[in-house]
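Here's the structure, in structure tokens; my notes come after.
There are 2 protein chains.
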Amino acid sequence: MTAATQPEAAGDPNSHRARKRARTWTAIHLAAAEAAATHDRLADVTIEAVAEKAEISPRTFFNYFRSKEDAVLGLRGAVIDRDVAAGFVVEPGGDLVEKVAFLLLAVFRTSNHRQISQQHYVELMDRHPELARKRFQHVDDVEALVTKLVTDKLAESEHWRATHAEHSAEDTARMIVTVAAAVMRMAMRPILAHPGQTEADADAILHRTFALFREVTHS
Amino acid sequence: MTAATQPEAAGDPNSHRARKRARTWTAIHLAAAEAAATHDRLADVTIEAVAEKAEISPRTFFNYFRSKEDAVLGLRGAVIDRDVAAGFVVEPGGDLVEKVAFLLLAVFRTSNHRQISQQHYVELMDRHPELARKRFQHVDDVEALVTKLVTDKLAESEHWRATHAEHSAEDTARMIVTVAAAVMRMAMRPILAHPGQTEADADAILHRTFALFREVTHS
DNA sequence: TTACTAACGTGCAAATTTGCAATACTGTAA
DNA sequence: TTACAGTATTGCAAATTTGCACGTTAGTAA
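See the structure below:
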């Protein structure tokens, strides 16, 4: 889980409570991002200062974010969107690994709720390498989620069961997701490097990364 | 780096100094391992207690190990053995990814200097999941090291340069190592699961894991 | 409205982790 | 031996992070 204890996720997203939580979340995130932008070393940005600017107690900071870095980046717990999950199907034809990589990318995108511009965002990661590291770590969390989804989908797929008796659905899913995540992680580098990017650009980069992947593996 | 500030690595490994450091290192490691074995939650094992048993100050603990977990497992900074590095050659024929996976395994092995039995070791990881997590993280450190080696080897390989003009040596190396590490990580699970294992057993598991990998990717 | 429950915010205490500076120790070369 | 340089060990202080317990507030059902 990337997100912190995250006050019970809330039921009704329009309740007074949920809106207040969202406001507090954004306040902390923006306070952290600004502080990160105005200090040379991230170590000089203290939780205490961020909490004060967001008008909460330091203890409460950790109810919203696991760490300073998460707060700066605006990362929250990864969740697979209902539609995205439904759109992922195991069927004959098509590269499953590639499909999963795009699934990962989609989940990764929805787990980032930053309120700052991509430009600003990239500058921050540029200035503070710790941030980039955290962002990569975040992929691990997403991986676990997606592995579960893929395991289920494989298990309920007639087509797959008919053709792959030797390995368990879970082992296969783990392998697919691990490899897909590896490729995704590689693609992230150039994706993040270019500020003004559309999702299509990112997709293109991921496709190109896959070309390298195939070249390396299908030798 | 998995290892801590690790008092300057030492020049002469037979000096009074180096031997004393080794003794201290082992003392801390064993103290931590024993403490981990006798507590239900790793959180109840305090650095203070471990340091006391090893007869050093808590501050010194961190000169030897980055964390409690590293101390329990006996992990130290990954280094590529001279011979292992020399034995790795880029040449026509043979699966480079697979070769790198075994290289990773080799480096991984030499970076673990635990003084407790494999049996005991596995039991500890079984009891404390945090330990297993740390051990996996350690692969990241090894990855960085190996990526550098592979980059250099690719760059100086006539054969490779002749056949792969489109991608830089570094990009290619990164991809190869990332994928190999993914497969290795997968293989680690069953490798660790069976206590009384020879290196040959582990190799066999890695080979079998590769079979699954190929099945998944060469679809 | 009232009363109940779950969620939230907070203070406090303990543990982890790092930087810095002071002190002690080891190996070496004069 | 003595002096010197480089390492090691340590204490101290600050920041991060988590668990626990307490009081407050928001949603809900009677």
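Just so you know, the protein sequences line up as chains A and B, in that order. Per full-length UniProt numbering, the first sequence starts with residue 1, numbered consecutively. Per full-length UniProt numbering, the second sequence starts with residue 1, numbered consecutively. Just so it is clear, CB atoms sit at the ideal spot from N, CA and C, and this is done for glycine as well.
For N14 (chain B), name the three-state secondary structure that DSSP assigns. By one-based count along the second sequence, residue 14 (chain B) stands at place 14. The answer is coil: DSSP assigns N14 (chain B) none of H, G, I, E or B.
On the DSSP letters alone, give me the boundaries of the alpha helix (DSSP H) that Q119 (chain B) sits inside. Within the second sequence, residue 119 (chain B) is the residue found at index 119, counting from 1. It spans 118-127 - the alpha helix (DSSP H) in which Q119 (chain B) sits, taken as one unbroken run.
DSSP state of F65 (chain B) mapped onto helix, strand, coil: Taking the second sequence and counting its residues from 1, the one referred to as residue 65 (chain B) is at position 65. Residue state, collapsed to three classes: coil.
Can you round the beta-carbon distance between S111 (chain A) and L149 (chain A) to whole angstroms, since I take them to be within the 8 angstroms contact cut? Mapped onto the first sequence, residue 111 (chain A) falls at position 111. Mapped onto the first sequence, residue 149 (chain A) falls at position 149. About 14 angstroms separates the two Cβ atoms, so there is no contact after all.
Would you say L149 (chain A) faces chain B, with C-beta separation under 8 angstroms as the test? Sequence index remark: in the first sequence, residue 149 (chain A) carries index 149 (1-based). No, L149 (chain A) lies away from the interface with chain B (no Cβ there is under 8 angstroms from its Cβ).
Within 8 angstroms (strictly less), CB to CB, does F210 (chain B) reach chain A? Stepping through the second sequence from its first residue, residue 210 (chain B) is reached at position 210. Chain A contact via Cβ: absent.
Could you confirm whether any beta carbon from chain A is found closer than 8 angstroms to the beta carbon of F213 (chain B)? For the purposes of this step, residue 213 (chain B) is taken as residue 213 along the second sequence, with counting starting at 1. So, interface residue.
State the DSSP-derived secondary structure class of I56 (chain B), mapped to helix, strand or coil. Taking the first residue of the second sequence as position 1, residue 56 (chain B) is located at position 56. Looking at I56 (chain B) - three-state DSSP - the assignment turns out to be coil, as it is neither helix nor strand.
For A182 (chain A), return the contacting residues in chain B, with the cut-off set at a CB-CB distance below 7 angstroms. To locate residue 182 (chain A), count along the first sequence from 1; it is residue 182. Those are T178, V179, A182, listed as they occur along chain B.
What whole-angstrom Cβ distance do T147 (chain B) and A173 (chain B) have, given they're in contact under 8 angstroms? Against the second sequence, residue 147 (chain B) aligns to sequence position 147. Against the second sequence, residue 173 (chain B) aligns to sequence position 173. That belief holds up - the Cβ atoms of T147 (chain B) and A173 (chain B) are roughly 5 angstroms apart, short of 8 angstroms.
Any Cβ of chain B within less than 8 angstroms of the Cβ of H194 (chain A)? The sequence position of residue 194 (chain A) within the first sequence is 194, counting from 1. Chain B, which has no Cβ nearer than 8 angstroms to the Cβ of H194 (chain A), makes this no.
Residues near Q115 (chain B) by beta carbon distance below 7 angstroms, same chain, minus five either side: In the second sequence, counting from the first residue as 1, residue 115 (chain B) sits at position 115. Same-chain partners within the cutoff: T26, H29, L30, G74.
Have a look at S157 (chain A) and T46 (chain B) and give me their C-alpha separation to the nearest angstrom. Residue numbering aside, residue 157 (chain A) sits at position 157 when the first sequence is read from its first letter. Residue numbering aside, residue 46 (chain B) sits at position 46 when the second sequence is read from its first letter. About 48 angstroms.
Determine, for E199 (chain A), whether the minimum Cβ-Cβ distance to residues of chain B falls below 8 angstroms. Working through the first sequence from its first residue, we reach residue 199 (chain A) at position 199. Chain B, which has no Cβ nearer than 8 angstroms to the Cβ of E199 (chain A), makes this no.
Using a Cβ cut-off of 7 angstroms, pull out every chain A residue sitting near H218 (chain B), in sequence order please. Along the second sequence, one-based indexing puts residue 218 (chain B) at 218. Residues of chain A passing the Cβ test: H218.
Beta-carbon separation of V90 (chain A) and L154 (chain A) under 8 angstroms? Position 90 of the first sequence, counted from the start, is the residue given in the question as residue 90 (chain A). Position 154 of the first sequence, counted from the start, is the residue given in the question as residue 154 (chain A). Yes, these two residues count as a Cβ contact at 8 angstroms.
What's the gap between the Cα of N63 (chain B) and the Cα of P129 (chain B)? The residue labelled residue 63 (chain B) in the question sits at position 63 within the second sequence. The residue labelled residue 129 (chain B) in the question sits at position 129 within the second sequence. The alpha-carbon separation between N63 (chain B) and P129 (chain B) amounts to approximately 25 angstroms.
C-alpha distance - A181 (chain A) paired with M188 (chain A), whole-angstrom precision: By one-based count along the first sequence, residue 181 (chain A) stands at place 181. By one-based count along the first sequence, residue 188 (chain A) stands at place 188. Rounded to the nearest angstrom, the two C-alpha atoms are 10 angstroms apart.
Taking the C-alpha atoms as reference points, what is the distance between P190 (chain B) and I205 (chain B)? On the second sequence, position 190 is the one that residue 190 (chain B) refers to. On the second sequence, position 205 is the one that residue 205 (chain B) refers to. If I take the Cα positions, the gap works out to 7 angstroms.
Quick check: what's the CA-CA separation for A132 (chain B) versus E143 (chain B)? Start at 1 with the first residue of the second sequence, and residue 132 (chain B) comes out as number 132. Start at 1 with the first residue of the second sequence, and residue 143 (chain B) comes out as number 143. Whole-angstrom Cα-Cα distance: 17 angstroms.
Can you confirm whether T110 (chain A), when its beta carbon is compared against all beta carbons of chain B, has any partner nearer than 8 angstroms? Residue numbering aside, residue 110 (chain A) sits at position 110 when the first sequence is read from its first letter. For T110 (chain A), not one C-beta of chain B is nearer than 8 angstroms to its own C-beta.
Assuming M175 (chain A) contacts L212 (chain B) under a Cβ cut-off of 8 angstroms, what Cβ separation, rounded to an integer in Å, is found between them? One-based indexing of the first sequence puts residue 175 (chain A) at position 175. One-based indexing of the second sequence puts residue 212 (chain B) at position 212. About 5 angstroms separates the two Cβ atoms, so the contact holds.
Report all residues from its chain with a CB closer than 6 angstroms to the CB of K53 (chain B); omit the five preceding and five following residues, and keep chain order. On the second sequence, residue 53 (chain B) is found 53 positions in, with the first residue counted as 1. Answer for K53 (chain B): A31, listed in chain order.
Buried or exposed, going by whether 16 or more other CB atoms sit within 10 Å of the CB of E199 (chain B)? Your numbering for residue 199 (chain B) matches position 199 in the second sequence. So E199 (chain B) ends up on the exposed side.
In the stretch 154-172 of chain A, which residues sit with their C-beta less than 9 angstroms from some C-beta in chain B, listed in chain order? Among the residues of the stretch 154-172 of chain A, those with a Cβ less than 9 angstroms away from any Cβ of chain B are H164, E166, H167, D171, T172, in the order of the chain.
Could you give the first and the last residue of the continuous alpha helix (DSSP H) run that contains V107 (chain A)? If you number the first sequence from 1, residue 107 (chain A) lands on position 107. 96-110 is the span of the alpha helix (DSSP H), which, as asked, contains V107 (chain A).
Residues bridged to L75 (chain A) by DSSP? For the purposes of this step, residue 75 (chain A) is identified with residue 75 of the first sequence, where counting begins at 1. According to DSSP, which records beta bridges pairwise, L75 (chain A) is partnered with A:N112.
Can you round the beta-carbon distance between L124 (chain B) and A36 (chain B) to whole angstroms, since I take them to be within the 8 angstroms contact cut? By one-based count along the second sequence, residue 124 (chain B) stands at place 124. By one-based count along the second sequence, residue 36 (chain B) stands at place 36. The Cβ separation is near 5 angstroms, so the contact holds.
Taking C-beta to C-beta, are V84 (chain A) and L103 (chain A) nearer than 8 angstroms? Residue numbering aside, residue 84 (chain A) sits at position 84 when the first sequence is read from its first letter. Residue numbering aside, residue 103 (chain A) sits at position 103 when the first sequence is read from its first letter. Pairing V84 (chain A) with L103 (chain A) gives a Cβ-Cβ distance under 8 angstroms.
Under a Cβ-count criterion, where at least 16 other Cβ atoms within 10 Å of its own Cβ denotes burial, should N14 (chain B) be classed as buried or exposed? Residue 14 (chain B) sits at position 14 when you count from the first residue of the second sequence. Exposed: under 16 other Cβ atoms inside 10 Å.
Relative to the C-alpha of W101 (chain B), which candidate in B:F88, B:P92, B:V122 has its C-alpha closest? On the second sequence, position 101 is the one that residue 101 (chain B) refers to. Checking the sequence shown, residue 101 (chain B) turns out to be Ala, not Trp. The shortest C-alpha separation from A101 (chain B) is found at B:F88.
How many angstroms separate the CA atom of E48 (chain B) from the CA atom of S57 (chain B)? By one-based count along the second sequence, residue 48 (chain B) stands at place 48. By one-based count along the second sequence, residue 57 (chain B) stands at place 57. Distance between the alpha carbons of E48 (chain B) and S57 (chain B): 8 angstroms.
Considering R83 (chain A), what are the terminal residues of the alpha helix (DSSP H) in which it resides? The residue labelled residue 83 (chain A) in the question sits at position 83 within the first sequence. According to the sequence provided, residue 83 (chain A) is Asp. The question's Arg does not apply to it. Here the alpha helix (DSSP H) through D83 (chain A) covers 82-87.
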